[in-house]
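Asker: Next up is a structure, given as structure tokens.
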Amino acid sequence: MLPLVRSTILNGYTKLVTENGGDAELFLDRAKISPDNLDNIDAFFPYSNFGALLEISAAELQKPDFGLTLAMNQDQAILGPVAFLALSSKNLKQAILEVSKSLHHLTPAVALFLRYDQLAHVCLDLSNVDYLSSHQSTEHAIGATFSIFQKLLDNNFNAESIWFTHRQIGSTNNYETIFGCPVHFEKPSNSINVRSSELEKSVTTANPDLHELVNKYLKLLDPVSTLISQDSSDIASKVRHLVIKLMPTARLSRCIVAENLGLHERALHRKLKCEGTTFEKILEETRTEQVKSLLSQSGMPMSQIAGLLGYNEQSSFNRAFKRWYGMSPKEYLSKSRE
């Protein structure tokens, strides 16, 4: 079953298409989305259909920035009930961490997480989405996130840069006018990159009492959301997913993973122990799963492979590899070519 998305993702779609001389109903039909979804905020349909709708609209209207433009015409209402969680958070960091845990109420197709190096990277990962046809939906996801941040901070949100994994599809001037910062393409992640201090800015509508109430309400909805979510509910799977995404940063730790899951480090340890595993074991398993694929990529320097697996030094990677396979990476490559 494909991951679904709440129909609030279509907020403002008909208006934008009409303003650009298009036929919204025709585009919806071609993307196999019922027009009834426009008037039902609790309806869901396949997220891949939404991606197709954006691609169709961009092509027919000859507007390569359609997904991004739609996003900038939307606000936190597209999150459905999760919007109140963001609006009531004390600061931007809490809003990101809390929304990341409840984003499945909008769609399980998009994962939101933080990673750090010199900057804080607010990353979005689109799973189960065809890379070759996901440019519009990727730009929509980043644009919508940026737009929501601006609303939460009363237009006082400032990014240092924006990254996209895909090639550039719109004009440089338009990207930088929208985001107000440099925008780079063919980067390692889809992310909004900010100074850590930006995450500490207070949300103008912060309300601790409402925040607690919304959290309780969303937990009541979780049994329903499970029916539309394809994410595993076990903590180990969520940790493994974050490990894969955070490994290339070389700042992967149990503390950072726990923070992204909204847990204390000890609580994460206890939950993993109940599932018969540990953070260290998951990290080791993930690295051994990834390393063979990376080694098969001809010409990739060993130092780069080490970095992608989260090692600060190649010597640490070499020692770990010898522990796994009883030989050095170079010896392994030579043997595999025989």
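Take the sequence shown: its position 32, counted from the start at 1, is 31 in numbering that gives the first Met the number 0, and no numbers get skipped. All C-beta atoms in this analysis are idealised placements derived from N, C-alpha and C, irrespective of residue type, glycine included.
Using DSSP with H/G/I as helix, E/B as strand and the rest coil, what is P45?
Answerer: Strand at P45.
Asker: Following the continuous alpha helix (DSSP H) through D28, name the residue where it begins and the one where it ends.
Answerer: Element bounds for D28: A23 to R29.
Asker: With contact counted as at least three CB pairs below 8 Å, one residue from each stretch, are the stretch 206-218 and the stretch 262-279 in contact?
Answerer: No: the two stretches stay apart, fewer than three of their Cβ pairs being nearer than 8 Å.
Asker: For M71, which of K89, A119, T176 and R5 has the nearest alpha-carbon?
Answerer: Ranking the options by Cα distance to M71, first place goes to T176.
Asker: Could you tell me which uninterrupted beta strand (DSSP E) segments, each at least 3 residues in length, are contained entirely in the stretch 86-158, listed from first to last along the chain?
Answerer: Entirely contained in the stretch 86-158, the beta strand (DSSP E) runs reaching 3 residues are, in chain order, 109-115 and 119-125.
Asker: Are the Cβ atoms of F316 and Y310 separated by less than 7 Å?
Answerer: Contact: yes.
Asker: Output needed for P222: all residues of its chain with C-beta closer than 7 Å, excluding positions within five of it in sequence on either side, in chain order.
Answerer: Low confidence applies to P222: its pLDDT is 47, below 50, so where it sits in the model is not reliable, and the reading given next is rough at best. Excluding residues within five positions, none has a Cβ falling inside 7 Å.
Asker: Can you tell which of H210, A57, N19 and H183 has the C-alpha that lies nearest to the C-alpha of A82?
Answerer: If we check each option's Cα against that of A82, H210 comes out closest.
Asker: Is the Cβ-Cβ distance between R239 and I281 less than 7 Å?
Answerer: Their beta carbons are under 7 Å apart, which means R239 touches I281 by this criterion.
Asker: With a CB to CB cut of under 7 Å and the five nearest residues on each side skipped, what residues in its chain are close to L27?
Answerer: P34 and L52.
Asker: By Cβ distance, which residues of its chain are closer than 7 Å to Q136, with the 5 residues on each side in sequence left out?
Answerer: A small correction: the amino acid at residue 136 is Ser; Gln does not occupy that position in the sequence shown. Around S136: F49, G50, L53, G66, L125 and V128.
Asker: Tell me which same chain residues have a C-beta within less than 6 Å of the C-beta of L78, skipping the five on either side of it?
Answerer: Cβ neighbours of L78 beyond the five flanking positions: L105.
Asker: What is the residue span of the beta strand (DSSP E) that S160 lies within?
Answerer: Counting along the chain, the beta strand (DSSP E) containing S160 begins and ends at S160 to W162.
Asker: By DSSP, does I191 sit in helix, in strand, or in coil?
Answerer: Looking at I191 - three-state DSSP - the assignment turns out to be strand.
Asker: For M326, count neighbouring Cβ atoms within 10 angstroms of its own Cβ and tell me buried if that reaches 16, exposed if not.
Answerer: By the 10 Å Cβ count, M326 comes out exposed.
Asker: What did DSSP end up calling E37 once you bin it into helix, strand or coil?
Answerer: The displayed chain sequence assigns Leu, not Glu, to residue 37. Three-state DSSP puts L37 in a helix.
Asker: Give the range of the alpha helix (DSSP H) segment to which V256 is assigned.
Answerer: Here the alpha helix (DSSP H) through V256 covers R253 to N259.
Asker: Determine which residues share a DSSP beta bridge with V4 and list them.
Answerer: Note: V4 sits in a beta bridge opposite F44.
Asker: Could you give the DSSP three-state label for V213: helix, strand or coil?
Answerer: Helix, per DSSP.
Asker: Checking 7 Å against the spacing of the C-beta atoms, do V202 and A94 come in under that value?
Answerer: Yes, the pair counts as a contact, with Cβ atoms nearer than the cut-off.
Asker: Can you look up H183 in the DSSP assignment and give me helix, strand or coil?
Answerer: Here H183 sits in strand by DSSP.
Asker: Suppose contacts are defined by Cβ-Cβ distances below 7 Å. Is F43 in contact with I32 by that definition?
Answerer: In this structure, I32 does not lie closer than 7 Å to F43 by Cβ.
Asker: Once DSSP output is grouped into helix, strand and coil, what is the label at S201?
Answerer: Of the three classes helix, strand and coil, the one that applies to S201 here is strand, per DSSP.
Asker: Quick check on T277: does DSSP put it in helix, strand or coil?
Answerer: Residue state, collapsed to three classes: coil.
Asker: If you follow the alpha helix (DSSP H) that H263 is part of, which residue opens it and which one closes it?
Answerer: That residue, H263, is in no alpha helix (DSSP H); it is neither H nor E in DSSP.
Asker: So, helix, strand or coil for R239, using DSSP?
Answerer: R239: helix per DSSP, three-state reduction.
Asker: Mind reading off the beta-carbon distance from Y12 to A23? Whole number of angstroms is fine, and I expect it under 8 Å.
Answerer: The pair is a contact, with the Cβ atoms about 6 Å apart (cut-off 8 Å).
Asker: Pop quiz: K186 and T164 are said to be a contact at Cβ under 8 Å. What is the actual Cβ separation, rounded to whole angstroms?
Answerer: Indeed, because the Cβ distance is near 6 Å, the residues count as touching under 8 Å.
Asker: DSSP three-state call for I341: helix, strand or coil?
Answerer: In the structure as shown, the chain begins at 0 and stops at 337. Residue 341 is therefore absent and cannot be evaluated.
Asker: Does the beta-carbon distance from S56 to L84 come in below 7 Å?
Answerer: Going by C-beta atoms, S56 is not nearer than 7 Å to L84.
Asker: Report the residue from L294, E18, G21 and A76 whose alpha carbon sits nearest the alpha carbon of I40.
Answerer: Nearest of L294, E18, G21 and A76 to I40, Cα basis: A76.
Asker: Can you find the residues in the same chain that come closer than 7 Å, C-beta to C-beta, to I243, ignoring five residues on each side of it along the sequence?
Answerer: So the list reads T285, once near-sequence residues are dropped.
Asker: Quick one: is N36 buried, meaning 16 or more other Cβ sit within 10 Å of its Cβ, or exposed?
Answerer: Looking at its Cβ environment, which holds 16 or more other Cβ atoms inside 10 Å, N36 is buried.
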